[in-house]
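Here's the structure we're looking at; comments come further down.
Chains as they are written, first to last, in the numbering used here: chain A, 126 to 493; chain B, 126 to 493; chain C, 126 to 493; chain D, 126 to 493.
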């Protein structure tokens, strides 16, 4: 199939997230990058365009200009800017009829997220969000095992998303995540807590109904949360507990999910992502392996999301590519796919606001 | 050294916990079993005495008789009965001047635990409690690494104690743990939550000051808690999150402790107990191994608590034996040792009562 | 930088190895695919070209035609055909002045491999071979730790490359690997044993001088080896033991390397590729993590070969991309790089022939 | 049941192996220690007797005296002396009608081992040998899974027994293992290689028929082997590869067993001994857990050899106790049991001699 054409806002060469998006899109050659507005810094912007082989005429100093000029010429826009501009760019792009793939958090407030959802619906545009961990094949398998009843009724979810980045040398390198003007009213909850939240709802198929939160600020002079413990009550009587942190010293990207059902439980560790552990009360534990011969029967989605044979490891870039695959297929067919969209983005902001509200109210149970 | 003499209340042959105590005491030949009151069932009682090679005259149908007859002839009494009789037996034994080693929970209420503590103090008797996980060498190493400042200021503890026993076939086999008349007002919190609580305070050297709890009853018809999520605030600004369950399907004895300090964090898994993982923000993770050549420098206690060379695994029985070692040394010397005693027992009941109270009050923060 | 242009021989859409090469080349956008001769099956060939978006005029039914037409228009040729044609295609391409990236084994015989090496040298063409496991960042770190003396003098290497593919349902799907006319005189040794051999020499910097081998045929009707145990003597008094198999039931791609030096040892497992374990006699084991902050100091190559932060896993495609990165840099600069080339290809054939010879001679020690 | 009475030759207080034997015997209170000849050093001997609470009259300066005086008063003799005296003590004890439990290696030569076997047979005495790893419940499960056909026909065994003890500080502490006068003609093969050999035959139920060996001496001035690679051919067409070392720097007690059958394979790691991994070609890997509810159906022996519930770890002392359990039952009943005896001891010496012979003959295949 002919690759689509896309543009990027933000994500200059040398940034953390920009190169990942470009690699993910290239992996399956879903789309060719044809335009961009990479940085407010004119030099960096031009250099990024050059490095990426773009026509200089399509490298814009301003995302407004990009949208004004490129709408109709690009199939979608990827937004990799810092948080505070997600809403405005996504809104403008959607209004201009451009499908949007926007980094999380979708916005700085629930209200903005809801507005984006409404615009996308009204303009019939796709809105994709890289809750990347839902793109891992073994997470899709987890979801399908739950859906197929392998675990029975779900009682409890225990989830960790632990990073120690704020304890590293040079942690000041990404100070914007600590700055409420750019990052928004939350740090750890809106930066990585939302990933955890999205995974819980994705894997269990349940909805978080209320939560209580205890946010802390251990290593951030700006006062934004950098550690959180959150208890949740989900639909159908299930519960969840989440710990998430930026000051979990020595942790790299500790996304660990445990789902306990009445018949079995599952465990997935993002730092060992090609395996899914399923434990039974009265039978040996099973380790499912990515793209093993038996995967397809349990989860067509997990099989489809795999590229290389079991034993040949896939990782982060493939997970993001899987989300792009579904997003691009949706852009092509105008039909929903298995990728996080407006609903997940809105719910995640609902989660952030409830967590902030609960924590301020001495950890009262708070409805989402 | 000549072994002491001891008696057991409860713990008939065929019970879960009795044989473990006897093996632990035998391992280092700390004491010889000379008397017992193993079961209210006369036949079972006699059979246990016979099997254990006791003089039938010293096998008692009633613990009161045992205490009345044996005080002065035994060095200590181990109490392995069901929860509801711990208090009465321990009280009688202490009052009779017998040192007591009593299974957890120490009592059914905080008030009773405090009373036992007071009696022990007044009678100058030792009161030991098998918070067995604090007996593992690598847990002692963890405590000493924290004490020596290897982790820096502690910010957060994340702890799991997850069992799936209530989801197993034949879970009804130990129904008394589900019965409030025997087990007391709590199931999971007082049965295993207290182990977790004791470990947190033991390893960090901090005190839990307040907590909020969300207890659940998923698999217990009697209404006692079988799943709990508990957030805690500790002295010196640290926090902790604990999940503990009896319905964590497929878990065997999932005691997992993570302590995050500003300089390093540590991880210990009771199901892989001979290793302690220490993670740094900017250096390779380190795995400390039990009784390796370098252990003693970091923790004399960890070294002393080890028997076999690294690579020759020790487990549960050695951990309990380590607690007995310290308890018996205290009985011999009348000096405190590195074993959980009245204070830990009282604090653990404080924890249980606070958890029950908080959970009933919609998870309000509750002082210990 | 502007991507190069390249062509592929073999590797039709739907094949195992073709898509991996294309993804690896795309990941860093090293080169654009502009031509190919994908299959002897005309329909499949055309379909592959179409699927890959090639100009139909540049999709050739025959690799000879491809070379004849494309030389001067492409920067390099990737050869993904079955073993028996590697030599002829590589020879023709090199003679035509095309840089070649050729799947292993480089040829069916040592003589052919040496001839290819000679031609490459004479024509000053690059010859790259995907001994992919040497492309993993943690393997580069392993090599550099050895080089820097962290392990001291190397005494012993213990290596496994265990697959169970011939025991899987549908193992007949790739019967050509079992067919001596296509696969050559060896199956397991030339298909995966050569990877292990290449890793041993790459990581230790030592040369295998002699070996003894015991090859077996457990699951292959054609009589080619599908299991092998090989002992080796290396330069500087080191030794190595290798087991490799296609009938190691249940193994996926079990590449496990242990290198024992006098001061330390290392362990790397391809199925957990983002970590390198280093063990000391009298200090805690260390786990190095890919792209952690401390990696660069120990190994600039390991850092350069990493894309995403520690905790965001990389896998097989990145490893192959790393080899392509170095190969393409060499093509651009005409200077040797850190990728396996003619020398590694020739030595690996020397290894295959010595193993076959030794095994036939009742496992006599045989010089390479 | 009333404990038996036993004596020990060697194994003074403070030695490595003596205390382990005593703990193992105590764990299940199989026997009471009543006599001993612990050391040629009179002071050490007396001190050991005192520490162990023995009647000084039954603490002998010489094992001959012990045997002469104690035969008829003890049920068995445990021999924990250094290798060179095993044969003479065992011979004298058996001739005196005493059942013997003797540390490995059974003797310094095959001839001696065969003689001991003949005497035991003639005198109808039990001869037990602590090939301790065969006492682990999960090793018994492994054996029974093989026996029950779960793995199908066995093709290959890959085994490691890697220690780094000779690279540790203070490795000179046990120099006798390096001294041919005390240790015998081999070091690593006869000290730990025999454990590996015994496990291979125990688990597979097959017999090693011939082997080739390449022994090395890397760290031992006395010239005894401290590293070995050994290939084996077993009955029924199976093969095995073994690496074993005392200079595997950083390894503690790395006993790792992989058995590959046509239907499944298994993996057991002595450093994680409560689990057995079984891998299938086309189904998820299974992890069996010690004393889980489903163990008994697959292996009555594995269940019987377990004390504590799954999740409460057992280790080295329980494994040795399991061997003693079976040995003591045999002593009581005069019937063979599931413990390594004369046959295993003789075969292991056959293995040692074949390995030495092969290695001297440039690794020729050598019959056992």
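Cβ atoms here follow ideal geometry from the backbone N, Cα and C, with glycine treated the same way.
The model shown is predicted, which means the values in this text are computed figures rather than measured ones.
Tell me the DSSP secondary structure of residue i in three-state form.
i                      : result
residue 249 of chain B : coil
residue 368 of chain D : strand
residue 413 of chain D : strand
residue 403 of chain C : strand
residue 280 of chain B : strand
residue 196 of chain D : strand
residue 203 of chain B : strand
residue 470 of chain D : helix
residue 138 of chain A : coil
Could you tell me which of the options sits nearest to residue i, measuring between CA atoms?
i                      : options                    : result
residue 218 of chain C : C/193, C/256, C/238        : C/193
residue 469 of chain A : A/321, A/349, A/438, A/392 : A/321
residue 412 of chain A : A/418, A/403, A/433        : A/403
residue 143 of chain D : B/433, B/212, B/206, B/484 : B/433
residue 255 of chain D : D/453, D/449, D/458, D/491 : D/449
residue 441 of chain C : A/446, A/445, A/435        : A/435
residue 480 of chain B : B/333, B/423, B/419        : B/333
residue 361 of chain D : D/211, D/330, D/342        : D/330
residue 319 of chain A : A/475, A/447, A/152, A/335 : A/475
Residues in the same chain with beta-carbon distance under 7 Å from residue i, minus the five sequence neighbours each way, listed in chain order, please.
i                      : result
residue 208 of chain A : 230, 233, 307, 308, 309
Compare the C-beta of residue i against all C-beta atoms of chain D and say whether one is closer than 7 Å.
i                      : result
residue 321 of chain B : no
residue 220 of chain B : no
residue 435 of chain B : yes
If we cut at 7 Å on Cβ distances, does residue i have a partner in chain B?
i                      : result
residue 183 of chain D : no
residue 394 of chain A : no
residue 281 of chain A : yes
residue 318 of chain D : no
residue 377 of chain D : yes
Strictly under 7 Å for the Cβ-Cβ distance: is residue i near chain C by that measure?
i                      : result
residue 152 of chain A : yes
residue 292 of chain D : yes
residue 439 of chain A : yes
residue 372 of chain D : yes
Does residue i get closer than 7 Å to chain A when you measure Cβ to Cβ?
i                      : result
residue 208 of chain C : no
residue 380 of chain B : no
residue 334 of chain B : no
residue 188 of chain B : no
Near residue i, which residues of its chain fall below 8 Å by C-beta distance, leaving aside the five closest residues on each side in sequence?
i                      : result
residue 171 of chain C : 181, 184
residue 177 of chain B : 138, 147, 158, 161
Using a Cβ-Cβ cutoff of less than 6 Å, which residues in the same chain neighbour residue i once the five nearest sequence positions on both sides are dropped?
i                      : result
residue 371 of chain A : 288, 290, 291, 313, 351
residue 489 of chain A : 483
Residues, ordered as in the chain, of the stretch 398-420 of chain B that lie near chain C by beta-carbon distance below 8 Å
Residues 403, 406, 407, 408, 409, 410, 411, 412, 413, 414, 417, 418, 419.
According to a CB-to-CB cut-off of less than 9 Å, which residues of the stretch 225-251 of chain A neighbour chain C?
Residues passing the 9 Å Cβ filter: none.
Within 7 Å of chain C by C-beta, residues of the stretch 340-370 of chain D in sequence order:
Of all residues in the stretch 340-370 of chain D, 341, 343, 352, 354, 356, 364, 366, 368, 370 have a Cβ within less than 7 Å of some Cβ in chain C.
Which residues, taken in chain order from the stretch 296-311 of chain A, show a beta carbon closer than 8 Å to some beta carbon of chain B?
Listed by position, the residues of the stretch 296-311 of chain A near chain B (Cβ gap below 8 Å) amount to none.
With 7 Å as the C-beta to C-beta threshold (strictly closer), list the residues of the stretch 260-276 of chain B near chain A in chain order.
Residues: none.
Given a limit of 9 Å on CB to CB distance, which residues of the stretch 135-165 of chain D reach chain B?
Cβ contacts with chain B come from 141, 144, 145, 147, 148, 151, 152, 153, 154.
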